[in-house]
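Residue numbers (my numbering): 2 to 318.
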Amino acid sequence: MEHELPGGLLDPDRVPALRVLVHGTSEKATGPTWQTPCTSPAAGVKGAKVYRTLAPVFRALGYDDGDRALVSPLFGHLWAVVYEADWAYEAHQRSGGTGAGPGSWWPEHLRAYLGSLELLDATVERHLAGLEEYFELETRLLGSADSFDEADLARAIRLRCSDIRAFLAVAAALTGRPWARELSALLGPMMSFIDLEDDLRSVEQDAAEGSFNTYGLAVRRWGEAGARHRLDRTGDELLGETAQALSAAPPDTLRAMWVLLGRPSSDAEARLLARTAPGPDRELLAGLRHKLLDGTPGPFEPYWRLFDTPGGDTCNT
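Printed below as a string of structure tokens:
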């Protein structure tokens with residue numbers, strides 16, 4: 002069998018980390034680390050949902066449906082641990098920060114687990130550290146809703162998807178393809194942009210559930226007009242960084258990005274997008290920049306530009 006996607010996981014023996022994952026053999030393994038700690042079924046469901054929603058990204062990285070099924074236990078568990086940590090932080094925040102905090106069990110477990118699979122490299126470590134910083138920053142923002150500044154909120158927006166950045170770096174490493182690592186690296190700002198857009202879509206639902214929402218927090222701090230202005234500025238920066246990174250990306254990475262922005266819902270769609278990507282590279286880059294900056298099919302469209310409140314004025318400060 003040969004894969005028709007840009008990458009693929011044909012032979013587990015081709016990539017050491019994938020061999021460890023599939024065959025369960027590693028010199029560093031000391032036991033079934035995936036079982037410690039045991040995550041709840043609710044966290045497992047949440048983790049599986051996150052993994053499923055990222056199917057277009059995995060297809061762009063070269064995974065077909067069989068590949069994604071092969072690695073689903075790994076990524077489902079990783080995100081389940083993140084959800085357990087998130088819920089622990091939320092409970093701590095609701096208590097007013099009293100009592101013992103969530104502790105360090107979750108980053109220690111993620112590092113031990115990924116280390117046992119030979120998947121804990123410098124990139125993954127950096128993003129795990131970013132996730133730790135994010136949880137602490139979120140707690141501080143909620144506790145000082147009237148005094149934080151725009152830089153604090155922008156930092157939180159950038160760090161919030163550190164789990165996705167870490168685990169996509171893992172997914173890229175499992176392919177053994179340099180272009181997959183490059184695609185994973187340039188997706189960070191765009192993922193932060195999408196996360197920000199999601200907050201704008203779900204602000205009322207998050208308020209009802211008591212969940213952290215950057216737009217809701219910004220409205221409390223600066224009012225609706227000021228919040229929109231500041232989030233729009235942050236969003237422009239994130240998209241601009243993505244466009245700049247695309248300008249320096251090699252052809253294979255550009256073609257993979259074309260697949261991603263096409264949001265393939267099946268392997269067949271991913272193959273078609275890969276085969277029909279514009280050429281030469283200059284035209285492909287122009288097409289990508291148009292999709293990115295001038296609006297693409299949701300959820301990648303710049304949604305908040307359409308988000309307005311009747312009677313609201315644009316903030317210029």
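Yeah, the Cβ is synthetic: ideal placement off N, Cα and C, and Gly gets one too.
Since the structure is predicted, the reported quantities are computational estimates derived from the model, not experimental observations.
- Between the alpha carbons of Pro42 and Phe76 lies a distance of about 15 Å.
- The alpha-carbon separation between Ala246 and Tyr135 amounts to approximately 24 Å.
- Taking C-alpha positions only, Lys50 is separated from Ser145 by approximately 32 Å.
- The continuous stretches of alpha helix (DSSP H) do not include Thr40, and DSSP gives it neither H nor E.
- Between the region 156-171 and the region 118-125, the count of C-beta pairs closer than 8 Å reaches three or more; the two stretches touch.
- Annotation: the region 98-173 contains the following complete segments of the alpha helix (DSSP H) (minimum length 4 residues), in chain order: 106-117, 123-144, 151-160.
- Here Pro265 is buried, its C-beta having at least 16 other C-beta atoms within 10 Å.
- For Gly241, the uninterrupted alpha helix (DSSP H) segment begins and ends at 215-248.
- Leaving aside the five residues that flank Ala269 on each side, none in its chain has a CB nearer than 8 Å to its CB.
- Counting of Cβ neighbours within 10 angstroms places Ser163 among the buried residues, the total reaching 16 or more.
- The Cβ atoms of Ala257 and Leu62 sit closer than 9 Å to each other.
- Rounded to the nearest whole angstrom, the C-alpha separation of Glu109 and Gly116 is 10 Å.
- It is roughly 15 Å from the alpha-carbon of Gly67 to the alpha-carbon of Arg272.
- Closest in alpha carbon position to Arg95, among Phe59, Leu197, Phe213, is Phe213.
- Scanning its chain for C-beta atoms nearer than 6 Å, with the 5 sequence neighbours on each side dropped, one finds around Leu132 the residues Ser163, Asp164, in chain order.
- Taken through DSSP and simplified to helix, strand or coil, Arg178 comes out as coil.
- Going by C-alpha positions, Leu160 is about 8 Å away from Ser193.
- Distances from the CA of Trp80 to each of Gly97, Trp106, Phe59, Leu111 were compared; the closest alpha carbon is that of Leu111.
- Residue burial is scored here from C-beta neighbours: Val46 has fewer than 16 other C-beta atoms within 10 angstroms and is therefore classed as exposed.
- The beta carbon of Leu285 lies closer than 8 Å to those of Pro252, Leu255, Arg256, Trp259, Ala278, Pro279 in the same chain, with the five residues before and after it left out.
- Rounded to the nearest angstrom, the gap between the Cα atoms of Glu137 and Leu143 is 10 Å.
- Judged by beta-carbon spacing, Leu274 lies beyond the 9 Å limit of Gly288, meaning their Cβ atoms are not closer than that value.
- Across the structure, Ser248 and His93 are spaced so that their CA atoms are roughly 43 Å apart.
- In this structure, the straight-line span from the alpha carbon of Trp106 to that of Val72 is close to 24 Å.
- For Asp207, the closest alpha carbon among the candidates His78, Val83, Arg53, Glu91 is that of Glu91.
- In the three-state reduction of the DSSP assignment, Thr277 falls in the coil class.
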